[in-house]
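Have a look at the structure below before the remarks.
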Amino acid sequence: MLETKNLGFWYKNEDEYLFKDVNLTFEEGKLYSILGKSGSGKTTFLSLISGLDTEKEGEILLNGESLKKIGLTNYRKKKLAIVFQAYNLFTYMTAFQNVESALEISGVQKENRKEFIRESLKNVGISEELQDKRVTQLSGGQQQRVAIVRAMVTGADIIVADEPTGNLDEETGRSIIQLFETIAHEQKKIVILVTHDNDIANRSDVVYELKDKVFNEVA
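If you read the sequence shown in the UniProt record's numbering, its first letter stands for residue 1, the second for the next number, and so on.
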C-alpha cells in the first residue's frame, strides 16, 4: 500500500502552496485517477509519489516504510515504473529492444528472456513483425503499448502514468485505459493515472480530485 501522510508542497513561499495536509491511500489491485485542471498541481503530486521530487512537509510511505528510508533511487528502480504521455522510448531501437533495455536497466532476470519479451508484447497486440520495427515506425497507440509493457516487465509494484492518452485518439485511448485496468485488477498492481479526462476517471476504481489546492475523493 502506498500512502501520503500530511503531504505538502510549495516552490518558494509556503503561503503559495500547491497542496497541504494531503492524506491519500493507494491499494494493490485498484486503478486510481488523479483528476484536476492543467496547472492544479497534479503532475507535481505524481512527481512526489514517483520519487522524482521531494515533499516540503509530511511523508510518503510504501507498506508503512518511508520512501526516504527506502531511498528514492532504490524505490524508482525496484518498486515503481512510469509511463509518460510522450512515451519516452528509445527512438533508435525496435519495440523489442526497448523492452529488453528495461529489463537490463532494472536488473530483472528472466528465464527465456527473449520469449518472455515476445509474449509480453503480443499480449498487448504488438505482433512479432511490429516488435522488430523501430518504434518511430509504430503508431502512437502502439508506442504507448510498448511503453506500458516496458513498465510492466520490471516487476514494479506501482505503475504511474501522466496523461497516458493525451496524444491518442478516443478509440485508442479507451484501449490503453483498458490495458491499465487489466494490469491493476489481474496483476494486482497499484496503477495511478494523472489526467484531466473525466472519461478516464469514470473507468477508475477510485478518483481523487485536486481542486482549489485540496484533494477530495470523488464519489
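Glycine residues also receive a C-beta, built at the ideal position from the N, C-alpha and C atoms. Computed from a prediction, not measured in an experiment: that's the story for all the values here.
For the ligand PLP, I want to know if residue i counts as a neighbour, meaning its beta carbon is within less than 8 Å of at least one of the ligand's heavy atoms.
i, result
"Leu-138", "The ligand PLP is not part of the structure shown, which contains no ligands of any sort."
Assuming contact is defined by CB atoms lying nearer than 9 Å, are residue i and residue j in contact in what I supplied?
i, j, result
"Lys-189", "Ile-158", "yes"
"Leu-2", "Leu-52", "no"
"Asn-6", "Glu-57", "yes"
"Thr-172", "Thr-165", "yes"
"Leu-31", "Phe-180", "yes"
"Arg-113", "Ile-126", "no"
"Gly-140", "Leu-168", "yes"
"Ala-95", "Val-135", "yes"
"Ile-117", "Glu-100", "yes"
"Val-218", "Leu-35", "yes"
"Lys-68", "Ala-156", "no"
Residue i by DSSP, collapsed to three states: which one?
i, result
"Lys-69", "helix"
"Glu-100", "helix"
"Val-83", "strand"
"Glu-16", "helix"
"Phe-90", "coil"
"Val-153", "coil"
"Tyr-11", "coil"
"Ser-204", "coil"
"Leu-48", "helix"
"Ser-127", "coil"
"Ser-33", "strand"
"Val-146", "helix"
"Val-135", "helix"
Output the boundary residues of the alpha helix (DSSP H) element that contains residue i.
i, result
"Lys-114", "113-122"
"Thr-182", "170-187"
Short of 7 Å in beta carbon distance, which residues of its chain neighbour residue i, apart from the five on each side in sequence? Order them along the chain.
i, result
"Thr-43", "Asp-162 and Val-194"
"Thr-25", "Met-1 and Glu-3"
"Ser-33", "Leu-193, Thr-195, Ile-200, Ala-201, Ser-204 and Val-207"
"Lys-133", "Thr-94 and Ala-95"
"Tyr-17", "Gly-8, Phe-9, Trp-10 and Lys-213"
"Gly-29", "Ala-184, His-185 and Lys-188"
Please list, in chain order, all residues of the same chain as residue i whose beta carbon is under 8 Å from its beta carbon, the five residues on each side excluded.
i, result
"Ser-50", "Arg-76, Leu-80, Ile-82 and Val-160"
"Val-22", "Thr-4, Asn-6, Leu-7, Gly-8, Phe-45, Gly-58 and Phe-215"
"Tyr-92", "Arg-134"
State the start and end residues of the unbroken beta strand (DSSP E) segment that holds residue i.
i, result
"Asp-162", "158-162"
"Glu-59", "57-62"
"Glu-27", "Looking at the DSSP string, Glu-27 is not in any beta strand (DSSP E), and its letter there is neither H nor E."
"Leu-193", "190-195"
"Val-218", "214-218"
Could you check how far apart the C-beta atoms of residue i and residue j are, in whole angstroms? I think they sit under 8 Å.
i, j, result
"Val-108", "Val-149", "The pair is not a contact, with the Cβ atoms about 13 Å apart (cut-off 8 Å)."
"Phe-84", "Ala-147", "7 Å"
"Gln-137", "Leu-121", "In fact, because the Cβ distance is near 15 Å, the residues do not count as touching under 8 Å."
Please list, in chain order, all residues of the same chain as residue i whose beta carbon is under 6 Å from its beta carbon, the five residues on each side excluded.
i, result
"Ser-40", "Leu-210"
"Ser-66", "Glu-59"
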